[in-house]
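Numbering (our numbering), first residue to last: 135 to 442.
See below:
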């Protein structure tokens with residue numbers, strides 16, 4: 135689940151912090167990198183748990199209405215579609231989900247008002263009204279209901295973004311990417327898998343974990359050499375005048391160019407230029423593109439790198 139976009143973002147953040155505060159050793163910053171990536175994975179489970187929390191709150195309301203002193207006909211004959219949703223029941227009993235939540239407990243209790251607001255919005259929506267009209271929802275109906283709910287009320291929800299940023303400093307840049315993985319997970323669920331339905335792993339394979347630690351290590355160990363090359367190819371710019379974040383982004387990009395022969399040059403350049411658009415100045419992407427392109431030409435001319 136932790137893809138290379140998230141890894142690059144986290145490495146850039148840690149390298150930036152490293153140069154602000156150098157009282158840490160390399161092993162310590164590697165641990166910080168893996169901690170940050172673990173927190174990104176926590177967010178994945180936290181958002182899965184949100185759907186269960188919404189379901190549980192709805193069930194409490196239904197039971198409360200049944201026990202009113204003077205219940206209405208609607209109170210006595212509630213729609214049980216959300217309570218009995220087969221997708222949520224499968225998620226609730228999922229082995230990977232239970233094990234992870236047990237090892238790393240997390241709760242929405244402090245954000246009860248947000249959960250309540252989401253439930254209110256769901257119950258007032260056309261998505262719910264259409265779902266409630268289905269006499270006997272199938273597993274596919276139940277799963278599609280939650281896919282629509284997540285996309286409409288949770289994905290890119292600004293209030294949720296604010297809550298998550300307050301919950302963890304590691305989640306600021308992860309939210310939208312991780313939400314897309316939750317939608318992917320909903321889509322991948324199948325009834326036949328039952329409690330053994332695979333959830334997304336933290337890393338797709340060991341190679342991605344190694345990519346993360348090696349990218350960070352090589353960026354810092356070879357930082358002086360990389361910065362000299364940046365200065366040489368910066369079109370007479372005084373190094374001190376280059377935006378600090380631009381230098382960090384180019385330094386990490388150079389580590390990837392040098393150390394990962396299987397990643398095409400074009401992929402590396404495009405990825406870091408996109409990160410410059412998101413994390414540096416308005417003109418940074420053009421500047422970084424020019425410098426990195428010049429560096430690549432030098433490296434190819436000197437037969438230092440051989441990939442395309």
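Glycine included, C-beta positions come from ideal geometry on N, C-alpha and C.
*Whole-angstrom C-beta distance between residue 276 and residue 221, which should lie under 8 Å*: 5 Å
_CB-CB length for residue 146 against residue 386, believed under 8 Å_ = 5 Å
*Hey, out of 159, 270, 378 and 204, whose CA is closest to residue 422's CA?*
378
*Between the Cα of residue 186 and those of 224, 171, 425 and 347, spot the shortest distance and give me the residue it belongs to.*
224
*Within the chosen definition, does the region 226-240 reach the region 282-290 through at least 3 CB pairs nearer than 8 Å?*
no
*Unbroken beta strand (DSSP E) runs of length 3 or more, entirely within the region 301-350: which are they?*
The region 301-350 contains no whole beta strand (DSSP E) run of 3 or more residues.
*asked:* Quick check on residue 142: buried or exposed, where buried means 16 or more other Cβ atoms within 10 Å of its Cβ?
replied: buried
_Looking only at its chain, what residues have a beta carbon closer than 8 Å to the beta carbon of residue 352, apart from the 5 residues adjacent to it on each side?_
389, 392 and 393
_Status (buried if at least 16 other CB within 10 Å, exposed otherwise) for residue 308_ = buried
*Return the CA-CA distance between residue 150 and residue 144, expressed in angstroms with no decimal places.*
10 Å
*Let me know the secondary structure DSSP gives residue 251 once reduced to three states.*
Helix, per DSSP.
*Indicate the three-state DSSP secondary structure (helix, strand or coil) for residue 233 in the structure shown.*
Three-state result, residue 233: helix.
*asked:* So the candidates are 311, 270, 234 and 274; which of them puts its Cα closest to the Cα of residue 183?
replied: 234
_Boundaries of the alpha helix (DSSP H) in which residue 420 is found, first to last residue_ = 418-435
*What residues in its chain sit with their C-beta under 6 Å from that of residue 298, if we drop five residues either side in the sequence?*
305 and 309
*Determine the closest residue to residue 236 out of 338, 176 and 367, with distance taken between C-alpha atoms.*
176
*How many angstroms separate the CA atom of residue 430 from the CA atom of residue 360?*
Straight-line spacing of the CA atoms in residue 430 and residue 360 works out to 12 Å.
_Quick check on the DSSP output: the alpha helix (DSSP H) that includes residue 244 runs from which residue to which?_
Residue 244 -> no alpha helix (DSSP H), and no H or E assigned at all.
*Within the region 176-224, note down every full alpha helix (DSSP H) run reaching 4 residues or more, in order along the chain.*
Correct list: 207-210.
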